[in-house]
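Colleague:
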Amino acid sequence: MKDVNTIRRKVENIKGLPTLPGIVKKISEMVVKPTTSAEDIGRVISSDQVLSAKVLKLINSAFYGFPGRISSVTHGIVLLGFNVVKGLVLSASVFDMMEGKMVGLWEHSLGTAITSGIIGKRIKQENPEEGNEAGLLHDIGKVVIKVSMPDEYEKISKLVVEKEMSMFKAEKAVLGMTHAEIGGFLAEKWNLPQNLRDPITYHHSPHRARIAPKQTAMIHLADILIKGIGHGQGGDMWIPPLDKEAWQILKLSKKDIEEIIIEMMTVEKSPVSTKGEETEPLEVLVEELEERFKMVTSDPVLMEIKEIFKKQLVLKEEERQASLETSVSETFQDKK
Ligand SMILES: [Fe+2]
Ligand SMILES: [Fe+2]
Numbered sequence: 024m025k026d027v028n029t030i031r032r033k034v035e036n037i038k039g040l041p042t043l044p045g046i047v048k049k050i051s052e053m054v055v056k057p058t059t060s061a062e063d064i065g066r067v068i069s070s071d072q073v074l075s076a077k078v079l080k081l082i083n084s085a086f087y088g089f090p091g092r093i094s095s096v097t098h099g100i101v102l103l104g105f106n107v108v109k110g111l112v113l114s115a116s117v118f119d120m121m122e123g124k125m126v127g128l129w130e131h132s133l134g135t136a137i138t139s140g141i142i143g144k145r146i147k148q149e150n151p152e153e154g155n156e157a158g159l160l161h162d163i164g165k166v167v168i169k170v171s172m173p174d175e176y177e178k179i180s181k182l183v184v185e186k187e188m189s190m191f192k193a194e195k196a197v198l199g200m201t202h203a204e205i206g207g208f209l210a211e212k213w214n215l216p217q218n219l220r221d222p223i224t225y226h227h228s229p230h231r232a233r234i235a236p237k238q239t240a241m242i243h244l245a246d247i248l249i250k251g252i253g254h255g256q257g258g259d260m261w262i263p264p265l266d267k268e269a270w271q272i273l274k275l276s277k278k279d280i281e282e283i284i285i286e287m288m289t290v291e292k293s294p295v296s297t298k299g300e301e302t303e304p305l306e307v308l309v310e311e312l313e314e315r316f317k318m319v320t321s322d323p324v325l326m327e328i329k330e331i332f333k334k335q336l337v338l339k340e341e342e343r344q345a346s347l348e349t350s351v352s353e354t355f356q357d358k359k
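For the sequence shown, our numbering assigns the number 24 to the initial residue and increments by one for each residue that follows.
(1) What residue from M200, G199, I100, S352 has the CA that sits closest to S69's CA?
(2) How is E348 classed by DSSP in three states: helix, strand or coil?
(3) Flag G257 as yes when its Cβ comes closer than 8 Å to any non-hydrogen atom of ligand 1, and as no otherwise.
(4) What does the alpha-carbon distance come out to for the pair K186 and I146?
(5) Would you say H161 touches ligand 2, meaning its beta carbon is less than 8 Å from a heavy atom?
(6) Rounded to the nearest angstrom, how far is the Cβ of G154 from that of G143, given a contact under 8 Å?
(7) To the nearest angstrom, how far is it from the Cα of P323 to the Cα of I247?
(8) Say yes only if the C-beta of S132 is nearer than 8 Å to one or more non-hydrogen atoms of ligand 2, and no if none qualify.
(9) Just verifying my parser: in three-state terms, what is the DSSP assignment at R66?
(10) Closer than 7 Å by C-beta to I331: which residues in its own chain qualify, once you throw out the five before and the five after it? Chain order, please.
(11) Going straight from the alpha carbon of E306 to that of H131, what length do you get?
(12) Counting C-beta neighbours from all protein chains within 10 Å, is the total for V126 16 or more, i.e. buried, or is it exposed?
(13) In this structure, does DSSP put R233 in helix, strand or coil?
(14) Go through its chain and collect everything with a Cβ distance to I93's Cβ below 8 Å, but skip five positions before and after it.
(15) With DSSP run on the structure shown, which of helix, strand or coil describes N106?
(16) Straight-line CA distance for K169 to Y176?
In structure tokens form, the structure reads like this:
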């Protein structure tokens with residue numbers, strides 16, 4: 024087991040992300056100046072070809088749902104605004120790393136970001152898109168572990184698979200600390216704003232967030248819901264405990280949760296959408312759902328959320344059957 028300072032030193036010396044703070048810092052300074060134009064920021068980003076390619080890739084991903092391709096960073100800034108693009112610059116560097124080595128984690132992060140946006144709209148949060156960056160970066164600590172502590176990462180993964188231990192507990196067992204704390208160190212080192220630092224550090228203990236408790240609660244719940252739907256791979260498949268304080272902050276009714284889940288499942292162009300996907304038989308889907316919730320069966324709220332997921336799975340299956348029947352009867356009519 025390592026002490027906190029050893030981990031902190033490791034995070035401080037992490038290779039692979041060293042140029043990140045410079046450009047993010049520069050852009051952060053620029054966006055607060057009233058005289059800065061979209062072209063100015065576009066120019067700074069474009070001066071780094073690799074970075075601008077990554078930013079463009081993100082802008083053009085299904086994430087923002089633009090119908091056409093956006094070919095210049097400046098155009099993206101005009102459409103999305105300064106702050107969103109600033110966050111994208113940051114996320115883009117992380118994205119590249121996850122895309123290559125941790126595709127499942129990237130999908131999980133993207134899904135968390137989208138879900139946090141859906142929750143944000145529901146609770147009428149101002150600027151719900153601000154949750155995007157927090158969602159994309161919340162598990163950044165897992166990237167740090169995988170990249171800079173590969174041996175420990177192996178041990179953690181082994182505990183998850185062999186002992187059915189949650190990733191969170193396995194990290195504590197192997198490192199003496201979690202990806203949330205490690206991500207928090209990194210966020211501190213990068214000088215990220217507190218509304219990003221809090222969700223990264225406290226998304227598994229949102230009652231400890233002091234500066235951005237709502238944002239943190241949104242990411243906490245989004246993380247649970249995206250795992251509930253079974254999208255992406257956050258390291259283990261099991262739903263983590265729901266934090267009571269976070270749940271109270273969000274003040275969501277059963278109907279709200281139902282509508283959030285429906286939106287997650289149907290939102291067009293979202294990577295979370297299950298529309299048109301080839302699916303497993305219903306029994307298998309329900310079995311997988313039960314497995315995902317098996318560590319939290321004593322929590323009545325999470326059990327209710329599980330039932331909502333189950334109901335949606337049944338409804339989707341009925342819809343699928345109905346459309347199959349229609350297409351069969353149409354085929355017969357064609358032959359007449
Ligand atoms: Fe996490
Ligand atoms: Fe997560």
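The C-beta atom is built at its ideal place from N, Cα and C for all residues, glycine as well.
Modeller: So, from the listed chains and residues:
(1) If we check each option's Cα against that of S69, I100 comes out closest.
(2) helix
(3) yes
(4) 38 Å
(5) yes
(6) 5 Å
(7) So the two alpha carbons sit approximately 14 Å from each other.
(8) yes
(9) helix
(10) Short of 7 Å from the beta carbon of I331, and not among the five residues preceding or following it, lie these beta carbons of its own chain, in chain order: I280, E281, I284.
(11) Inter-residue distance for E306 and H131 is about 24 Å (C-alpha atoms, whole angstroms).
(12) Counting the other CB atoms within 10 Å of its CB gives V126 a total below 16, which places it among the exposed residues.
(13) The answer is coil: DSSP assigns R233 none of H, G, I, E or B.
(14) L79, I82, N83, G99, L102
(15) helix
(16) If you draw a straight line from the Cα of K169 to the Cα of Y176, it comes to about 5 Å.
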